[in-house]
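First residue of the sequence shown? That's 0 in numbering that gives the first Met the number 0, and the numbers climb one at a time after it.
Take a look at the structure below.
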Amino acid sequence: MKAVVITSPGGPEVLQLQEVEEPAFRDDEVLIKVEASALNRADTVQRKGFYPPPKGASPYPGLECSGTVVAVGKSVSRWSVGDQVCALLTGGGYAEMVAVPAGQVLPIPEGVSLRDAASVPEVACTVWSTVFMMSRLSPGETFLVHGGSSGIGTFAIQIAKHLGIRVFVTAGSEEKLVACKNLGADVCINYKLEDFVARVKEETGGKGVDVILDNIGGPYLQRNLESLSMDGRLFIIGFMGGAVAEVNLSCLLSRRLTVQSAGLRNRSIENKAQIVSEVEKHVWPAIAAGKVKPIVYKSFPLSEAAEAHRLMESSSHIGKILLIP
C-alpha cells in the first residue's frame, strides 16, 4: 500500500508518499481501507520529531480516518467486512489501509458523508473526554475555547451550544470570529486586538467562566486562571505557545480552581474504547439531529500531505483539513 512516511524530523517537505507493507492486524482489530484521514496539530509535532508514536503503534502520522472494513480479527463481533466506519487511531491514518482496535471504531454518523466523517473522531473524543467527562461542563455553565476556528474549536462550540452552555471563543481574525459566531459562539474575542481576560470579566459580571479549553499553554496559563470563576476548571490540551510558565498560585486556593491536562494518543486501549463509547452515546445523536456538523475546510490528495501541513501551520484555515488516498 501507499503511506505518507516521515523521512526525517523536519518541515513539511520530509513527508513523502512511499510504498510500504500493509499493516498486520490482531484478533481484536479491524483493517480499514481508508476513504479519508484528517490532520491534527499532533501530526505536525510528530513530523518535527517531538511526538513519537507510542510503542507498537504505526510509524505513519494520522490520528483519525473514515473508510470501509476489509477484514476483521477473530475476536471482533460488532464489525463486519463491508461496514462503513470512522475511527480514532494511534497513528497510521495517512495511508491506504490502517489497523484499528475494534473499540476505537464508530459507525458513520447519520447525515454525514463517508469522507467528511474522517474529520470527527479525534475532535469529538478530545473535547468530550476533556471538557465533559473530566471537567464536567454542564448545562447553564460558561465555557471558553481558545482557537475557536480550529477543528477542536468548531466542534466544541457546536456541542456546547447544543447542551445549553454559553460559549466564549478567541480567534485571530474577523473572518474566523464570524465563522465562530455562525456556529453559535456567544462571545467572540479577537485576541490580537483585545485582552480576553478583561472581556471575559466584562461579559460575566466579573465572575469569569466555568471551564476553559486551552491549546496555547505557558503564555496563557496565568491569564486563563484569572479568567476562571469560583470552582473553575482549566483543561490544557496543547502547548502551541510554549510549555513553560511562571504563575501566581494564590488564585487557585482562593477560588478553588482545578488545572488538568491530558492527551488522547497515549491512553490505554481500554480507556480509548470507553471514550469512544461515550462519544457514540452522547455526540452521535447530536450529529444525527443536525446540531453538530463537520466543518471541512479543504481536502488534499495523500501525495500532497506536505501542502496540507503547510496550510495547517499557517493557521489560515477554519475547521478541518482532509487527506484523500
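A virtual CB, placed ideally from N, CA and C, is assigned to each residue, including glycine.
What you are looking at is a predicted structure, and each value in this text was computed from that prediction instead of being measured.
| query | result |
| --- | --- |
| Three-way DSSP call (helix, strand, coil) for V80 in this model | coil |
| Buried or exposed by the 16-neighbour rule on C-beta atoms within 10 Å, applied to S148 | buried |
| Closest residue to T67 among F24, P52, I107 (Cα-Cα distance) | I107 |
| V75 vs A35 beta-carbon contact at 8 angstroms | no |
| With 16 other Cβ atoms within 10 Å as the buried cut-off, status of A116 | buried |
| Inter-residue Cα distance where the pair is L252 and K206 | 16 angstroms |
| The segment 190-201 in contact with the segment 239-249 per 3-pair CB rule at 8 angstroms | no |
| Simplified DSSP assignment, three categories, for R255 | coil |
| Check whether E303 and D209 have beta carbons under 8 angstroms apart | no |
| Candidates G92, G61, S118, of which the one nearest Y296 by Cα | S118 |
| Buried or exposed by the 16-neighbour rule on C-beta atoms within 10 Å, applied to T129 | buried |
| Secondary structure of Y219, DSSP reduced to three states | helix |
| Anticipated Cβ contact below 8 angstroms, I31 with V97, distance rounded | 5 angstroms |
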